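Just so we're aligned, residue 69 is where the sequence shown starts under this note's numbering, counting upward by one. Some notes on the structure that comes next.
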Amino acid sequence: MTLEVSDLHVGYATAAVLHGVDLTVGDGQSVALLGRNGMGKTTLVRSICGLRPPTVARGSIVFGGEDITRKAPFQISRVGIALVPQGRRVFGSLTTTENLTVVPRRRAASAGEPWTVERVFEFFPRLADRSKQMARSLSGGEQQMLAIGRALMTNPRLLIMDEPSEGLAPAILDIIQDRLAELRSSGLSILLAEQNVDLALDIAEHVVIIDDTGRSTWTGTAAQLRADTSPLEQYLGI
Numbered sequence: 069m070t071l072e073v074s075d076l077h078v079g080y081a082t083a084a085v086l087h088g089v090d091l092t093v094g095d096g097q098s099v100a101l102l103g104r105n106g107m108g109k110t111t112l113v114r115s116i117c118g119l120r121p122p123t124v125a126r127g128s129i130v131f132g133g134e135d136i137t138r139k140a141p142f143q144i145s146r147v148g149i150a151l152v153p154q155g156r157r158v159f160g161s162l163t164t165t166e167n168l169t170v171v172p173r174r175r176a177a178s179a180g181e182p183w184t185v186e187r188v189f190e191f192f193p194r195l196a197d198r199s200k201q202m203a204r205s206l207s208g209g210e211q212q213m214l215a216i217g218r219a220l221m222t223n224p225r226l227l228i229m230d231e232p233s234e235g236l237a238p239a240i241l242d243i244i245q246d247r248l249a250e251l252r253s254s255g256l257s258i259l260l261a262e263q264n265v266d267l268a269l270d271i272a273e274h275v276v277i278i279d280d281t282g283r284s285t286w287t288g289t290a291a292q293l294r295a296d297t298s299p300l301e302q303y304l305g306i
C-alpha cells in the first residue's frame, strides 16, 4: 500500500494554491508535511481526502494502485484513509462513546487487530473516564484524543492528521506525541501536516517541505533535517 501524489496542482475559485506537489507515503512509513501557514498543507490534506473545495486542476493521487484523485470522501474512507482534521471537529452533541461508534468501519487487515471502543479507551484512558460525557464539554486535548480515536475506529491503512498539536497544553501534547509514536511503531502509515517541527521530526521518518510558491521543494529524512537545519531556515524561517 502506497500513497503517491504526483505533480498536484490545486486551487479554489479565486486562487491557485498548490503548483506542483509530489509526495509518497509507503507502507508503514510516517511522513511529515511542513510549510509556513497558508502555504497549502491543509489544501493538500483536503485534496487527498476528497473534500471540496478545493479543486484538483492537474496531477494525480494514487492509493494502493488505485487513482483516487477525484473520488468522494466516502469512497476514500472505504479504501482505508482516515483523517483527523484541523480543529478536531468532534460531534459536540454526542457522547464520547457515541462519537466513536457513529463512524462507518472498515474490516481490519488480517494481520492487524481491529479498533474497538474498548481498544480506544485503553489507548486513551482519559476518554474512558469521560465515556458518557458530551464531546462539547471535553477539553481541547481530550477532543483531540477523541478525534484520533474516531479516525482509528475506521481501521485505516493510512492515518492523516492536520495540525494535531494545535492549541494543546504541553502535558497533553506529550501524551499525544507518545500515542503517535506508538501508532508509528505498530506499522500504521501516517501523514502528518504539522507546524510543530519538533513533533514532526520526532514522529516522522521522512519529511516533505512545501515552499511559499506551493511546490514540494525539499524531500528527505528527519535525520537529515536534524543534521542540517538549513532547509528549515530557508523555507520555514526557523
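Backbone N, C-alpha and C define an ideal beta-carbon position, used for all residues, glycine too. Predicted, not measured: the structure shown is a model, and the values here were computed from it.
Residue i (DSSP reduced to helix, strand or coil)
i	result
D270	helix
E181	coil
T165	helix
R126	strand
L206	coil
S298	helix
K109	helix
S74	strand
L304	helix
L214	helix
L102	strand
L220	helix
A196	helix
F159	coil
V188	helix
Residues bridged to residue i [DSSP beta-bridge criterion]
i	result
E134	F131
G96	Paired residues: none, contrary to the question.
L91	V73
I116	Per DSSP, none; premise fails for I116.
I149	L226
A84	G79
Inter-residue spacing [alpha-carbon to alpha-carbon] between residue i and residue j
i	j	result
S145	T169	15 Å
H87	L76	7 Å
L248	R126	32 Å
S233	Y303	21 Å
V147	I271	24 Å
L220	R120	23 Å
F192	V73	32 Å
I243	G209	9 Å
T287	L300	12 Å
G94	T70	5 Å
Buried or exposed by the 16-neighbour rule on C-beta atoms within 10 Å, applied to residue i
i	result
S284	buried
E186	exposed
F131	buried
I306	exposed
R218	buried
R173	exposed
A203	buried
R138	exposed
N105	exposed
A295	exposed
E231	buried
K109	buried
Q97	buried
S298	exposed
E262	buried
P122	buried
Length at least 3, wholly inside the region 223–289: the beta strand (DSSP E) runs in chain order: The qualifying runs are 226–230, 257–261, 274–278, 284–289.
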